[in-house]
Amino acid sequence: MAKVITPRAEDYSKWYNDIVVEADLAEQSVVRGCMVIKPYGFAIWEKIQNVMDGMFKETGVENAYFPLFIPKSFFSREAEHVAGFAKECAVVTHHRLMNDPDGKGIVIDPDAKLEEELIVRPTSETIIWSVYKNWIQSWRDLPILCNQWCNVVRWEMRTRPFLRTSEFLWQEGHTAHATAEEAQERAEQMVHVYAKFCREWMSMPVIVGRKSPNERFAGALDTLTIEAMMQDGKALQSGTSHFLGQNFGKSFDVQFADKDGSLQYAWATSWGVSTRLMGALIMSHSDDEGLVLPPKLAPIQVVMVPIYKTEEEFDAVLAKFKEISKALKAKGISVKIDSRDTLRPGFKFAEWEVKGVPVRLALGARDLAKDSIEVFRRDTLSKKTMPLKDVVERIPSLLDEIQENIYQKALDFRASNVEKCDNWDEFCEKIQNGKFLLCHWDGTPETEQAIKEATKATIRCIPMDSFVYEEDGKDIYSGKPSKQRVVFAIAY
19 MAKVITPRAE DYSKWYNDIV VEADLAEQSV VRGCMVIKPY GFAIWEKIQN VMDGMFKETG
79 VENAYFPLFI PKSFFSREAE HVAGFAKECA VVTHHRLMND PDGKGIVIDP DAKLEEELIV
139 RPTSETIIWS VYKNWIQSWR DLPILCNQWC NVVRWEMRTR PFLRTSEFLW QEGHTAHATA
199 EEAQERAEQM VHVYAKFCRE WMSMPVIVGR KSPNERFAGA LDTLTIEAMM QDGKALQSGT
259 SHFLGQNFGK SFDVQFADKD GSLQYAWATS WGVSTRLMGA LIMSHSDDEG LVLPPKLAPI
319 QVVMVPIYKT EEEFDAVLAK FKEISKALKA KGISVKIDSR DTLRPGFKFA EWEVKGVPVR
379 LALGARDLAK DSIEVFRRDT LSKKTMPLKD VVERIPSLLD EIQENIYQKA LDFRASNVEK
439 CDNWDEFCEK IQNGKFLLCH WDGTPETEQA IKEATKATIR CIPMDSFVYE EDGKDIYSGK
499 PSKQRVVFAI AY
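Here the sequence shown is numbered in my numbering, starting from 19 and rising by one per residue.
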């Protein structure tokens, strides 16, 4: 196979880009900063979307859709929120094109200027809360639990497929509540939904925690996050959930009559994950041979490659594969028989390895005669022969084993790269080598900013469900008293 993937140790960034291209996940668009998600890549995203959508709905969330365009004036109502996105906004100023009178092609019609400019949504809090004002009059109207699957635009100068693009796909949940406690509970519930999905479906261990004030979402009173370690030791923020207080309720005058008849402002949350999870999937598990996919998210869980010399042998092998395929599909397993007659088996093996298909079955005339079949595991790059009669029964448990092995491998890697650190010089050295460092922090944004400027490391989170170290100590940088360790890392 002519395709070559740059080794991780040689150039991690190029390795990542090579996998995106060679595994047929995405390609660059003619529009700068945007990408084309190809069918194989989109099939993975669809699985992510379908599973997560079901998890949301189990908590009472309903899907809706809100406009792509947001009046510029809406952003003026919440100063902190607009400040967080102002430099990334794409702005629509005109609504019509025309032929250039000088014959130089198509130009913007100067008479078609909009009365008010429209922002292409970078996120939807403002447009959604302008709608919630119409939906909420009484406490009986609450809570509202809405989610939308859509695209957003954040004008990025430096882009990388899936990790950071000017346009990307995501879901954004927006809920309205009668009390602060209810909203805070929802924000925490959703970050744990994300964590469960990442651990159980993506086989990706994550740390759940709170963001420091410097790292909070623009306009939020509290931001919860899941942070994952990639194979270069850098952190990837993989999902966030925000308690927005009454900021948007007040900005858009969303009031309701409570049980006593008094007018109250609604309390808000928002939460989201994006196609960045595709980048996380690649960087958490893949190797120098290509993509490695957890079986639960693989578009094709089992690929079958016939080995034959004659048409008669091909017919016999294909008939057996069809029999196995039918039985596996009845068990809910996705299967593909690669019967292309223009490619040699070795080429097919390499192609499906690059694409990360968890299990490959190879069968030839000799195997049929011996009642055996070759089974290849993508996670370990190992193969063995098993009785043909056992393969249908064995595959489901093998896929479960692969799913667990991929998770354990990522968990072990993280465990070997997480350390406590109490010495500044040691911190500066280790943080550059790809580590999550558990350090004391004095709680001030000034210290956090100074550490970032000195090392590019940020507080990824104040841990909630793991790595919680509530103990007295001294700040790694300032030496001031501290009550708890936080997670520092260099992030994407």
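Glycine included, each C-beta is placed from N, C-alpha and C at the ideal position. Quick caveat, the model's predicted, so the values are computed rather than measured.
Give the secondary structure of residue i by DSSP, where H, G and I count as helix, E and B as strand, and everything else as coil.
i: A238; result: coil
i: K349; result: coil
i: G78; result: coil
i: S148; result: helix
i: P25; result: coil
i: M19; result: For M19, the predicted model reports a pLDDT of 44, less than 50, meaning its position is unreliable and no value from the coordinates is stated.
i: T328; result: coil
i: G308; result: strand
i: A194; result: strand
i: Y8; result: Coverage of the chain is limited to positions 19 through 510, which leaves residue 8 absent and any answer about it impossible.
i: Q249; result: coil
i: M296; result: helix
i: K277; result: coil
i: P231; result: helix
i: S357; result: coil
i: V224; result: coil
i: S415; result: helix
i: R158; result: helix
i: C446; result: helix
i: S302; result: helix
i: D36; result: helix
i: Q46; result: strand
i: W289; result: strand
i: G51; result: coil
i: P89; result: strand
i: C457; result: strand
Take residue i as the anchor and find which of the options has the nearest alpha-carbon.
i: K338; options: L309, P119 and M322; result: M322
i: K314; options: K277, S221, G257 and T360; result: S221
i: I508; options: K470, V149, I351 and L311; result: K470
i: D127; options: D120, P119, V138 and L115; result: L115
i: D460; options: I477, A433, K492 and P179; result: K492
i: K501; options: L309, L456, Q467 and A253; result: L456
i: V505; options: P499, E489, R478 and D483; result: R478
i: I420; options: E392, W442, A383 and V377; result: V377
i: L163; options: V410, A27 and T193; result: T193
i: P161; options: E245, S302 and V79; result: V79
i: K373; options: F332, I318, S302 and I342; result: I318
i: C439; options: R503, K407, A253 and A475; result: R503
i: E422; options: K366, Y510, T476 and L311; result: L311
i: V299; options: E464, E134, Q249 and V125; result: The sequence given here places Leu at residue 299; Val does not occur at that position. That would be Q249, whose Cα lies nearest to the Cα of L299.
i: A345; options: F270, R358 and V409; result: V409
i: V375; options: D129, A428 and G59; result: G59
i: W285; options: E199, D418 and K354; result: E199
i: L239; options: M247, R228, E245 and A246; result: R228
i: I154; options: Y283, C216, A44 and M208; result: Y283
i: S47; options: S390, P179, E98 and E330; result: P179
i: L416; options: F87, Y495, V393 and V100; result: V393
Considering only the beta carbon of each residue, do residue i and residue j sit closer than 9 Å?
i: I66; j: L295; result: yes
i: F74; j: G251; result: no
i: V272; j: Y83; result: no
i: Y326; j: A387; result: no
i: S352; j: A316; result: yes
i: T188; j: C168; result: Per the sequence shown, residue 188 should be read as Trp rather than Thr. Yes, the Cβ-Cβ distance between W188 and C168 is below 9 Å.
i: W157; j: A196; result: yes
Are there 16 or more other CB atoms within 10 angstroms of the CB of residue i, so buried, or fewer, so exposed?
i: P481; result: buried
i: A20; result: Confidence at A20 is low in this model, with a pLDDT of 47, below 50, so its placement is unreliable and no value can be given for it.
i: Q426; result: exposed
i: T111; result: exposed
i: T144; result: buried
i: S31; result: exposed
i: R432; result: buried
i: S280; result: exposed
i: S8; result: In the structure as shown, the chain starts at 19 and stops at 510, and residue 8 therefore has no counterpart that could be examined.
i: T360; result: exposed
i: T121; result: The sequence given here has Gly at residue 121, not Thr. G121 should be labelled exposed.
i: V22; result: exposed
i: N165; result: buried
i: H265; result: Per the sequence shown, the amino acid found at residue 265 is Asn instead of His. Buried is the call here.
For residue i and chain D, any beta-carbon pair shorter than 9 Å?
i: V170; result: Considering every chain present, this structure includes no chain D. It has just one protein chain.
Worksheet item: Any chance the segment 180-192 sits against the segment 40-60, with 3 or more Cβ pairs inside 8 Å?
Response: With a cut-off of 8 Å, the segment 40-60 and the segment 180-192 count as touching, because enough Cβ pairs lie within range.
Fill in: Touching by the beta-carbon criterion (3+ pairs, under 8 Å), the segment 252-260 and the segment 284-304
Per the Cβ contact rule, the segment 252-260 is in contact with the segment 284-304 (3 or more Cβ pairs under 8 Å).
Practice prompt. Evaluate contact between the segment 24-40 and the segment 127-142, counting only Cβ atoms and requiring at least three cross-stretch pairs below 8 Å.
Written response: A contact between stretches requires three or more CB pairs, one per stretch, nearer than 8 Å, and the segment 24-40 fails this requirement with the segment 127-142.
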